[in-house]
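Enquirer: Numbering-wise, the numbering used here puts 245 at position 259 of the sequence shown, and it's gapless, one number per residue. Cβ atoms here follow ideal geometry from the backbone N, Cα and C, with glycine treated the same way. Note that this is a predicted model, so its numbers are computed, not measured.
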Amino acid sequence: MQVIDSIEGLRKARKAITGRVGVVPTMGALHEGHLTLARQARADNDTVIATIFVNPTQFAPNEDFNAYPRDLARDLAMLETLGVDVVFTPTPALMYPPNFQTFVKVDQVTQGLEGDLRPNHFRGVATVVSKLFNLTQPDVAYFGQKDAQQVVVIRRMVADLNFPLEVAVIPTVREADGLAMSSRNVYLTPEQRAAAGVIYRALVAAAQAYDEGERTPANLRAVARNVLKTEAQAEIEYVAVNDPSTLIGVHEPAEQPLLLSMAVQIGRPRLLDNCLLPWSLNNRDGLTATLGV
Ligand code: PAF
-13 MQVIDSIEGL
-3 RKARKAITGR
7 VGVVPTMGAL
17 HEGHLTLARQ
27 ARADNDTVIA
37 TIFVNPTQFA
47 PNEDFNAYPR
57 DLARDLAMLE
67 TLGVDVVFTP
77 TPALMYPPNF
87 QTFVKVDQVT
97 QGLEGDLRPN
107 HFRGVATVVS
117 KLFNLTQPDV
127 AYFGQKDAQQ
137 VVVIRRMVAD
147 LNFPLEVAVI
157 PTVREADGLA
167 MSSRNVYLTP
177 EQRAAAGVIY
187 RALVAAAQAY
197 DEGERTPANL
207 RAVARNVLKT
217 EAQAEIEYVA
227 VNDPSTLIGV
237 HEPAEQPLLL
247 SMAVQIGRPR
257 LLDNCLLPWS
267 LNNRDGLTAT
277 LGV
């Protein structure tokens, strides 16, 4: 496995690669969710490139950029075991040299949900992901369902800026009690970690109501909220029902697929989760066909 920390080094390595290339962009602190993306990339492609970069431009000044968990040696050992070919590990100074002033701003789909609470977050994500796409020139890029709005933003950007690649959307990987895997779960105390299982139970309850015929978005949201309220440590930021392709809020009963998403603060971290309704869409094909363009 080649570990590369320079632009010239990556360009040179990329030039020597032929065949189908899959890229797995990450911020490190890898968990089973990332490893599932890398395994999928390994199964689908001739060459797999992973990137590890904690991207400063997607963090607001009051967020956890400095505290974000970092363990490069552990991450590299994990990627090597999976047969990843190249890992790009740039520094912030390499990605954002002095006088850097070009950003990618995706309009509508960055509004609402996370975009309301983290105003510049998706500008940072779209900018760094477009730089990583330019540098790695993948045929397919792998992203996890857990950050559903990020998937929709990246797919919009790929379509609008004509990046010649596919975006594969891989289902959320969960702990035994259903908590979505996230690098920020390490911030939970054992007691908060036990409480966090409520988020998955809320998704499942709403999905069951949907299966039993409930189609009114306010009622689906209420089912999820009522479960979340059973956990005193859970502070609900939002529970939303949106069109999974456009992220426009859905307020009337509808037969179209729906994206049910939520952000819940438990202790320090904000925990995000979502599912498509009907639940049968929460697999790679269903997600890839339904989430975003
Ligand atoms: O999902 C992430 O880990 C990040 O937002 C990404 C896509 C690697 C961009 O920094």
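Quick check: the segment 61 to 81 against the segment 11 to 27, are at least 3 beta-carbon pairs closer than 8 Å?
Expert: Counting Cβ pairs under 8 Å, three or more are found: they touch.
Enquirer: Hey, quick one: how far does the alpha helix (DSSP H) through residue 113 stretch, first residue to last?
Expert: Mapped onto the sequence shown, residue 113 falls at position 127. It spans 107 to 122 - the alpha helix (DSSP H) in which residue 113 sits, taken as one unbroken run.
Enquirer: Residue 89 to residue 112, Cα distance in whole Å?
Expert: Counted from its first residue, the sequence shown places residue 89 at position 103. Counted from its first residue, the sequence shown places residue 112 at position 126. Near 8 Å, if we compare the C-alpha coordinates of residue 112 and residue 89.
Enquirer: Quick one: is the Cβ of residue 171 within less than 6 Å of any heavy atom of the ligand PAF?
Expert: Within the sequence shown, residue 171 is the residue found at index 185, counting from 1. Answer for residue 171: no, Cβ out of range of the ligand PAF.
Enquirer: Just to confirm my understanding: we take residue 41, look at its own chain, exclude 5 residues before and 5 after, and list those with CB closer than 7 Å. What are they?
Expert: To locate residue 41, count along the sequence shown from 1; it is residue 55. Cβ neighbours of residue 41 beyond the five flanking positions: 13, 110 and 114.
Enquirer: Quick check: does the Cβ of residue 133 come within less than 6 Å of any heavy atom belonging to the ligand PAF?
Expert: Here the question's residue 133 lines up with position 147 in the sequence shown. Within the cutoff, so yes.
Enquirer: Using three-state DSSP, classify residue 254 as helix, strand or coil.
Expert: Residue mapping note: residue 254 aligns to position 268 of the sequence shown, counting from 1. Looking at residue 254 - three-state DSSP - the assignment turns out to be coil, as it is neither helix nor strand.
Enquirer: Looking only at DSSP bridge pairs, what is residue 129 linked to?
Expert: The count along the sequence shown starts at 1 and reaches residue 129 at position 143. Its beta-bridge partners are 155.
Enquirer: Is the separation between the beta-carbon of residue 36 and that of residue 10 shorter than 7 Å?
Expert: The residue labelled residue 36 in the question sits at position 50 within the sequence shown. The residue labelled residue 10 in the question sits at position 24 within the sequence shown. Yes.
Enquirer: Ends of the alpha helix (DSSP H) at residue 185?
Expert: Against the sequence shown, residue 185 aligns to sequence position 199. Looking at the DSSP string, the run of the alpha helix (DSSP H) that includes residue 185 is 184 to 197.
Enquirer: What is the DSSP secondary structure of residue 37, reduced to helix, strand or coil?
Expert: As a first step, residue 37 must be located in the sequence shown, where it is residue number 51. Three-state result, residue 37: strand.
Enquirer: For residue 236, I'd like the list of residues in its chain whose CB is within less than 8 Å of its CB, leaving aside the five on either flank, ordered along the chain.
Expert: The residue labelled residue 236 in the question sits at position 250 within the sequence shown. Cβ neighbours of residue 236 beyond the five flanking positions: 203, 227, 228, 229, 242 and 244.
Enquirer: Over the uninterrupted alpha helix (DSSP H) stretch that includes residue 212, give me the two end residues.
Expert: Locating residue 212 in the sequence shown gives position 226, counting from the first residue. 203 to 214 is the span of the alpha helix (DSSP H), which, as asked, contains residue 212.
Enquirer: Quick check for students: name the residue ranges of the alpha helix (DSSP H) that lie wholly in the segment -3 to 31, counting only runs of 4 or more.
Expert: 18 to 30, all fully within the segment -3 to 31.
Enquirer: Rounded to a whole number of angstroms, what is the C-alpha to C-alpha distance between residue -1 and residue 263?
Expert: If you number the sequence shown from 1, residue -1 lands on position 13. If you number the sequence shown from 1, residue 263 lands on position 277. Distance between the alpha carbons of residue -1 and residue 263 is about 42 Å.
Enquirer: Using 6 Å as the cut-off, classify the Cβ of residue 70 as near or not near the heavy atoms of the ligand PAF, replying yes or no.
Expert: What you label residue 70 is simply residue 84 of the sequence shown in a count that begins at 1. Every heavy atom of the ligand PAF is 6 Å or more from the Cβ of residue 70, so no.
Enquirer: Would you check if the distance between the CB atom of residue 194 and the CB atom of residue 107 is smaller than 7 Å?
Expert: Locating residue 194 in the sequence shown gives position 208, counting from the first residue. Locating residue 107 in the sequence shown gives position 121, counting from the first residue. Cβ atoms of residue 194 and residue 107: not closer than 7 Å.
Enquirer: State the Cα-Cα distance for the pair residue 206 and residue 78, rounded to the nearest angstrom.
Expert: Locating residue 206 in the sequence shown gives position 220, where the first residue counts as 1. Locating residue 78 in the sequence shown gives position 92, where the first residue counts as 1. If you take the alpha carbons of residue 206 and residue 78, they lie about 42 Å apart.
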